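Novice: Residue numbers (the UniProt record's numbering): 1 to 504.
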Ligand SMILES: NC(=O)C1=CN([C@@H]2O[C@H](COP(=O)(O)OP(=O)(O)OC[C@H]3O[C@@H](n4cnc5c(N)ncnc54)[C@H](O)[C@@H]3O)[C@@H](O)[C@H]2O)[C@@H](O)CC1
Ligand SMILES: Nc1ncnc2c1ncn2[C@@H]1O[C@H](COP(=O)(O)OP(=O)(O)O)[C@@H](O)[C@H]1O
Ligand SMILES: [K+]
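Structure below.
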């Protein structure tokens, strides 16, 4: 079974319990987990190579013992070190250790000597049972592994990584690859966890689908890894009889003279992603500047919130992007209020968000007034400003929880950007995006993202799906382009990105 849904650590425990209650012995699950680790180790280590297995005191260590036995049985030279006492192992881990010893193999004491002579280190110290900060002997060992420069395969999670939050607890293994079980957990995708995991692998350990469903039922609102599976069915595909008026009309509000580039970047994104018409709405004083740079994109003058109100009497102008380069203050707030009360689909970014600094409830009021569907695209700085003094910025929350709370507060979709962008809906659905590239961290990149989402909304995609798709397309463009990327490149990558996505 493959799924892009995520289980929390406690929900994963529920899966194991349900499988065991359904008649599958826990040791069978552990043997399957260990076998998956061993299979991956055979890919990472040369045939007959030296492998060090570091086992912790719980079932994560148990997986290590199982993998060790299998690898030793297939010709690898395996050393196994245990952090803790053999006598304190219990349950399935004790069974696995006994099996290992029955093979005639020894259990060494974990020592942080030079570890660089191994071809592969398997990190089976701590997994889902991490319950406190890494300290003392464990920390010294983890630091030695990280210093060794050796290839590391982590079992379930890199030890020290919190599987729910993606945070490091006092130190963590930096793995080359991570083999986890049943589904990914949020901590595999949220930073710094995403970076600590290296390549991600998910193995079915024979829990059965009913047990997995029991886990999903225990998880609360659904979380996903962002990817086409999540929104491809809803992606706009123009039919043979489509014309520009059926493909949606997006408006992008321009900033004042000399601050107009951001709006044009966004507009280009909206057009390239397929909106039938895109209009930049510009202050009169910036019309010449905008006109000098626009061709397929149309241009209209608008000098005040009242002008925008007049413009929006045209019902066809159904999606409005407000914020890039706009300027901060009362006018920006009024423009948002006008577009929201006109019931338009909205993308709010940059200055439109900062203009509501500490006033998230006021923004929520505007959005609910016109019943408009809104997607907000803050980076961390804008998020902190907008949601100051709300429960979305309480300390100790994971990024996924902060974004969920923010979405509930404003009653709209929130995209909290970064290398682990999280997209959340007011009903609690959330997706974590790890499909991207650091080359996207360049001036104006976020403006294009806003435009992509606006272009998808204009074509009728639901806001959560439009936001997820926009983030993924943006990330895909970054991955395809790589070094040298500037914001202008992102819209121009869309034909290639879309061709592959749509199989055109
Ligand atoms: N039936 C199951 O539950 C299955 C569990 N599996 C494995 O079992 C793991 C979970 O096992 P456990 O729940 O036993 O937990 P772990 O093995 O992850 O860790 C728990 C042990 O580590 C100690 N510990 C926790 N934090 C520590 C810290 N910071 N410093 C020092 N010691 C610390 C605890 O006291 C306990 O002894 C999963 O990650 C997975 O690898 C798999 O074998 C599949 C089946
Ligand atoms: N390391 C990274 N990996 C993936 N995506 C990134 C990374 N750094 C930045 N991005 C993406 O680039 C965009 C930057 O947006 P933003 O911070 O608003 O920049 P700007 O205001 O210059 O447009 C966001 O979509 C963000 O998710
Ligand atoms: K581990």
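C-beta: ideal position from N, C-alpha, C; glycine also. Here the structure is a predicted model, which is why all the values come from computation and not from measurement.
I need the straight-line Cα distance from residue 96 to residue 176, nearest angstrom please.
Specialist: Counted from its first residue, the chain shown places residue 96 at position 96. Counted from its first residue, the chain shown places residue 176 at position 176. Using only the alpha carbons, I get a separation of about 25 angstroms.
Novice: Would you report the Cα separation of residue 251 and residue 412, rounded to the nearest angstrom?
Specialist: Taking the chain shown and counting its residues from 1, the one referred to as residue 251 is at position 251. Taking the chain shown and counting its residues from 1, the one referred to as residue 412 is at position 412. Approximately 19 angstroms between the Cα atoms of the pair.
Novice: Can you tell me where the beta strand (DSSP E) holding residue 179 begins and where it ends?
Specialist: Working through the chain shown from its first residue, we reach residue 179 at position 179. Per DSSP, residue 179 belongs to the beta strand (DSSP E) from 177-181.
Novice: Does the beta carbon of residue 222 come closer than 8 angstroms to any beta carbon on chain D?
Specialist: The question asks about chain D, but that chain is absent: this structure has only one protein chain.
Novice: DSSP three-state label for residue 244, please.
Specialist: As a position in the chain shown, residue 244 is number 244, starting the count at 1. Residue 244 falls in the helix class under three-state DSSP.
Novice: Can you determine whether any heavy atom of ligand 1 sits closer than 7 angstroms to the C-beta of residue 314, and answer yes or no?
Specialist: Within the chain shown, numbered from 1, the residue matching residue 314 stands at position 314. The answer is no for residue 314.
Novice: Would you mind stating whether residue 407 and residue 426 have Cβ atoms separated by less than 8 angstroms?
Specialist: Position 407 of the chain shown holds residue 407. Position 426 of the chain shown holds residue 426. Contact: yes.
Novice: Comparing the CB of residue 440 with every heavy atom of ligand 2, is any distance shorter than 7 angstroms?
Specialist: By one-based count along the chain shown, residue 440 stands at place 440. Flag set: Cβ of residue 440 near ligand 2.
Novice: Grouping DSSP H, G and I as helix and E and B as strand, with all else coil, what is residue 319?
Specialist: Here residue 319 refers to the residue found at position 319 when the chain shown is read from its first residue. Looking at residue 319 - three-state DSSP - the assignment turns out to be strand.
Novice: Reducing DSSP to helix, strand and coil, say where residue 399 ends up.
Specialist: Numbered from 1 along the chain shown, position 399 holds the residue referred to as residue 399. Residue 399 falls in the helix class under three-state DSSP.
Novice: Ignoring anything shorter than 4 residues, give me the alpha helix (DSSP H) runs that lie fully in the segment 184-252, in order along the chain.
Specialist: Those alpha helix (DSSP H) runs which fall completely within the segment 184-252 and span 4+ residues are 186-189, 193-197 and 209-218.
Novice: Using the Cβ count rule (16 or more neighbours within 10 Å means buried), how would you classify residue 268?
Specialist: Counting from 1 along the chain shown, the entry for residue 268 is found at position 268. Looking at its Cβ environment, which holds 16 or more other Cβ atoms inside 10 Å, residue 268 is buried.
Novice: Which residues bound the alpha helix (DSSP H) around residue 386?
Specialist: On the chain shown, position 386 is the one that residue 386 refers to. 380-386 is the extent of the alpha helix (DSSP H) around residue 386.
Novice: For a test of the three-state rule: what should DSSP assign to residue 50, helix, strand or coil?
Specialist: By one-based count along the chain shown, residue 50 stands at place 50. It is a strand residue.
Novice: Excluding the five sequence neighbours on either side, which residues of its own chain have a C-beta within less than 7 angstroms of the C-beta of residue 384, listed in chain order?
Specialist: Reading the chain shown from its first residue, position 384 is the one you call residue 384. So the list reads 393, once near-sequence residues are dropped.
Novice: Can you determine whether any heavy atom of ligand 1 sits closer than 7 angstroms to the C-beta of residue 29, and answer yes or no?
Specialist: Along the chain shown, one-based indexing puts residue 29 at 29. Under cutoff, so the answer is yes.
Novice: For the beta strand (DSSP E) that residue 348 lies in, which residues bound it at each end?
Specialist: As a first step, residue 348 must be located in the chain shown, where it is residue number 348. Where residue 348 is concerned, the enclosing beta strand (DSSP E) stretches over 345-348.
Novice: For residue 71 versus residue 64, is the C-beta distance shorter than 8 angstroms?
Specialist: For the purposes of this step, residue 71 is taken as residue 71 along the chain shown, with counting starting at 1. For the purposes of this step, residue 64 is taken as residue 64 along the chain shown, with counting starting at 1. Cβ atoms of residue 71 and residue 64: not closer than 8 angstroms.
Novice: Of all the options 486, 445 and 30, which has the alpha carbon lying nearest to the alpha carbon of residue 182?
Specialist: In the chain shown, the residue the question calls residue 182 occupies position 182. The shortest Cα separation from residue 182 among 486, 445 and 30 belongs to 30.
Novice: Indicate the three-state DSSP secondary structure (helix, strand or coil) for residue 459 in the structure shown.
Specialist: By one-based count along the chain shown, residue 459 stands at place 459. The answer is coil: DSSP assigns residue 459 none of H, G, I, E or B.
Novice: Rank 397, 458, 428 and 379 by C-alpha distance to the C-alpha of residue 419 and give the top, closest one.
Specialist: Residue mapping note: residue 419 aligns to position 419 of the chain shown, counting from 1. Per the Cα distances, 379.
Novice: Taking 7 angstroms as the cut-off, is the beta-carbon of residue 443 closer than that to any non-hydrogen atom of ligand 2?
Specialist: Against the chain shown, residue 443 aligns to sequence position 443. Flag set: Cβ of residue 443 near ligand 2.
Novice: Comparing alpha-carbon positions, which option in 402, 308 and 38 lies nearest residue 317?
Specialist: Against the chain shown, residue 317 aligns to sequence position 317. Answer by Cα proximity: 308.
Novice: In terms of residues, what are the limits of the beta strand (DSSP E) holding residue 82?
Specialist: As a first step, residue 82 must be located in the chain shown, where it is residue number 82. Where residue 82 is concerned, the enclosing beta strand (DSSP E) stretches over 77-82.
Novice: For the segment 433-443 and the segment 238-247, state whether three or more C-beta atom pairs, one from each stretch, are separated by less than 8 angstroms.
Specialist: No, because fewer than three Cβ pairs between the segment 433-443 and the segment 238-247 fall closer than 8 angstroms, the two stretches do not touch.
Novice: Which full runs of the alpha helix (DSSP H) of 4+ residues lie inside the segment 401-445, going along the chain?
Specialist: Complete alpha helix (DSSP H) runs here, min 4: none at all.
Novice: For ligand 2, I want to know if residue 446 counts as a neighbour, meaning its beta carbon is within less than 7 angstroms of at least one of the ligand's heavy atoms.
Specialist: Looking up residue 446 in the chain shown gives position 446. The answer is yes for residue 446.
Novice: Please determine whether the Cβ atom of residue 65 lies at a distance below 7 angstroms from any heavy atom of ligand 1.
Specialist: Here residue 65 is taken as the residue at index 65 of the chain shown, counted from 1. No; taking the cut-off as 7 angstroms, the Cβ of residue 65 has no heavy atom of ligand 1 nearer than that.
Novice: Helix or strand or just coil, what does DSSP make of residue 169?
Specialist: Locating residue 169 in the chain shown gives position 169, where the first residue counts as 1. In the structure shown, residue 169 sits in coil (DSSP, three-state: anything other than H, G, I, E or B).
Novice: Relative to the C-alpha of residue 190, which residue among 493, 398 and 410 is closest?
Specialist: As a working mapping, residue 190 is identified with position 190 in the chain shown. When each option's Cα is compared against that of residue 190, the closest is 398.
Novice: Quick one: what does DSSP say residue 132 is sitting in, helix, strand or coil?
Specialist: As a working mapping, residue 132 is identified with position 132 in the chain shown. DSSP places residue 132 in coil when its eight states are reduced to three.
Novice: Since residue 50 contacts residue 117 with CB under 8 angstroms, what's their CB separation in whole angstroms?
Specialist: Here residue 50 refers to the residue found at position 50 when the chain shown is read from its first residue. Here residue 117 refers to the residue found at position 117 when the chain shown is read from its first residue. Their Cβ separation, rounded to whole angstroms, is 7 angstroms, which keeps residue 50 and residue 117 in contact under 8 angstroms.
Novice: Is any heavy atom of ligand 2 found at a distance shorter than 7 angstroms from the C-beta of residue 352?
Specialist: Position 352 of the chain shown holds residue 352. Because no heavy atom of ligand 2 lies under 7 angstroms away, the Cβ of residue 352 does not count as near it: no.
Novice: Between the C-alpha atoms of residue 8 and residue 386, what's the straight-line distance to the nearest angstrom?
Specialist: For this step, residue 8 is matched to residue 8 along the chain shown. For this step, residue 386 is matched to residue 386 along the chain shown. Taking the straight line joining both Cα atoms gives about 28 angstroms.
Novice: Relative to the C-alpha of residue 443, which residue among 484, 145, 331 and 460 is closest?
Specialist: Within the chain shown, residue 443 is the residue found at index 443, counting from 1. Nearest option by C-alpha distance: 484.
Novice: Cβ of residue 399 versus every heavy atom of ligand 2: is any distance shorter than 7 angstroms?
Specialist: Counting from 1 along the chain shown, the entry for residue 399 is found at position 399. False, no ligand heavy atom lies under 7 angstroms from that Cβ.
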